[in-house]
């Protein structure tokens, strides 16, 4: 089954899955909802359009460079209150979390090769600007990889691809975290899109974690 690889690297990224009201969280790896949102931007799909074909893709993440968890001090006005209306006179502190200097190799596996080919082409020339979880967080390197479409399963593609980030210590290989979607085993993540993004409906999925050795060499 073919797999499409994406490179998500930038000075700041944020992949929230449980944000509510004033606080905006981030996971330590890209969320499926966030990655598919990036794909939709590349394809030019409106938030009201169906994404069943994208949601059916199986996702994996290789953490080539762990991000540093940071928090911004921000304030916000016009926050919704219990009555369902915005209070324009109220100012609240809104903590915003993000990852600094992280680099992820993401894989999307699916049986429809034409869908993966269309995504690959769109990543090279996206319809709308791409961002890493928030519109203000653009990637520092192209998300598109020249040889990103592989004729191999998700795990194999993620294991075989050379490192996309400089190692933090001097040696020829290093062990990094590998997170892969599974049908019934692993930790539960609440980032599986169930409907068009405009409806903001997400369900659970299982993610298994492990460690894999990665070859260190320069990537095109």
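In the working numbering, the protein residues as written are 90 to 309.
Quick reminder that beta carbons are idealized off the backbone N, C-alpha and C, glycines included.
**Item:** DSSP-derived helix/strand/coil call for residue 294
**Value:** For the purposes of this step, residue 294 is identified with residue 205 of the chain shown, where counting begins at 1. Strand.
**Request:** Go to residue 195, then tell me how far its beta strand (DSSP E) extends in each direction, as first and last residue.
**Result:** Numbered from 1 along the chain shown, position 106 holds the residue referred to as residue 195. Taken as a continuous stretch (DSSP letters only), the beta strand (DSSP E) holding residue 195 covers 185 to 198.
**Asked** Can the beta-carbon of residue 195 be found closer than 8 angstroms to that of residue 97?
**Response** Here residue 195 refers to the residue found at position 106 when the chain shown is read from its first residue. Here residue 97 refers to the residue found at position 8 when the chain shown is read from its first residue. Contact flag set, yes.
**Asked** What is the DSSP secondary structure of residue 272, reduced to helix, strand or coil?
**Response** The count along the chain shown starts at 1 and reaches residue 272 at position 183. The answer is coil: DSSP assigns residue 272 none of H, G, I, E or B.
**Prompt:** residue 279 to residue 166, Cα distance in whole Å?
**Reply:** Working through the chain shown from its first residue, we reach residue 279 at position 190. Working through the chain shown from its first residue, we reach residue 166 at position 77. Cα to Cα, residue 279 sits roughly 28 angstroms from residue 166.
**Item:** Where residue 212 falls: helix, strand or coil (DSSP)
**Value:** In the chain shown, residue 212 corresponds to position 123, counting from 1. In the structure shown, residue 212 sits in a helix (DSSP, three-state: H, G or I).
**Request:** Take residue 285 and list the residues in its own chain whose beta-carbon comes closer than 7 angstroms to its own, dropping the five residues that flank it on each side.
**Result:** Counting from one through the chain shown, the residue named residue 285 turns up at place 196. Excluding positions up to five away in sequence, the list reads 136, 137, 138, 139 and 140.
**Message:** Which of the three DSSP states is assigned to residue 248 in this structure?
**Reply:** As a position in the chain shown, residue 248 is number 159, starting the count at 1. Residue 248 falls in the helix class under three-state DSSP.
**Request:** Starting from the Cα of residue 295, find the closest Cα among 289, 303 and 273 and give me that residue.
**Result:** For this step, residue 295 is matched to residue 206 along the chain shown. Here the closest residue by C-alpha is 273.
**Request:** Evaluate contact between the segment 222 to 229 and the segment 92 to 106, counting only Cβ atoms and requiring at least three cross-stretch pairs below 8 angstroms.
**Result:** yes
**Prompt:** Are at least three pairs of beta-carbons, each pair with one atom in the segment 231 to 238 and one in the segment 151 to 160, less than 8 angstroms apart?
**Reply:** no
**Message:** What does the Cβ neighbour count give for residue 187, buried or exposed, with the cut at 16 atoms within 10 Å?
**Reply:** The residue labelled residue 187 in the question sits at position 98 within the chain shown. Answer is buried; the Cβ neighbour count reaches 16.
**Asked** Would you report the Cα separation of residue 289 and residue 123, rounded to the nearest angstrom?
**Response** The residue given as residue 289 occupies position 200 in the chain shown. The residue given as residue 123 occupies position 34 in the chain shown. If I take the Cα positions, the gap works out to 12 angstroms.
**Asked** Cα separation between residue 203 and residue 264?
**Response** The residue labelled residue 203 in the question sits at position 114 within the chain shown. The residue labelled residue 264 in the question sits at position 175 within the chain shown. C-alpha separation (whole angstroms): 33 angstroms.
**Item:** DSSP state of residue 125 mapped onto helix, strand, coil
**Value:** Mapped onto the chain shown, residue 125 falls at position 36. Residue 125: helix per DSSP, three-state reduction.
**Asked** For residue 259, does the three-state DSSP call read helix, strand or coil?
**Response** Here the question's residue 259 lines up with position 170 in the chain shown. Because the pLDDT at residue 259 is just 49, under 50, the model does not fix this residue reliably, and the value given afterwards should be weighed accordingly. The answer is coil: DSSP assigns residue 259 none of H, G, I, E or B.
**Prompt:** Just how far apart, CA to CA, sit residue 193 and residue 180?
**Reply:** Along the chain shown, read from residue 1 onward, the residue named residue 193 stands at position 104. Along the chain shown, read from residue 1 onward, the residue named residue 180 stands at position 91. Between residue 193 and residue 180, the C-alpha separation is close to 36 angstroms.
**Request:** Mind reading off the beta-carbon distance from residue 234 to residue 269? Whole number of angstroms is fine, and I expect it under 8 angstroms.
**Result:** For the purposes of this step, residue 234 is taken as residue 145 along the chain shown, with counting starting at 1. For the purposes of this step, residue 269 is taken as residue 180 along the chain shown, with counting starting at 1. Going by Cβ atoms, the distance from residue 234 to residue 269 rounds to 19 angstroms, so no, they are not a contact pair.
**Item:** Option in 189, 209, 282 and 201 with minimal Cα separation from residue 228
**Value:** Locating residue 228 in the chain shown gives position 139, counting from the first residue. Measuring from the Cα of residue 228, the nearest candidate turns out to be 189.
**Asked** Less than 8 angstroms separating the beta-carbons of residue 182 and residue 164?
**Response** Taking the chain shown and counting its residues from 1, the one referred to as residue 182 is at position 93. Taking the chain shown and counting its residues from 1, the one referred to as residue 164 is at position 75. Contact flag set, yes.
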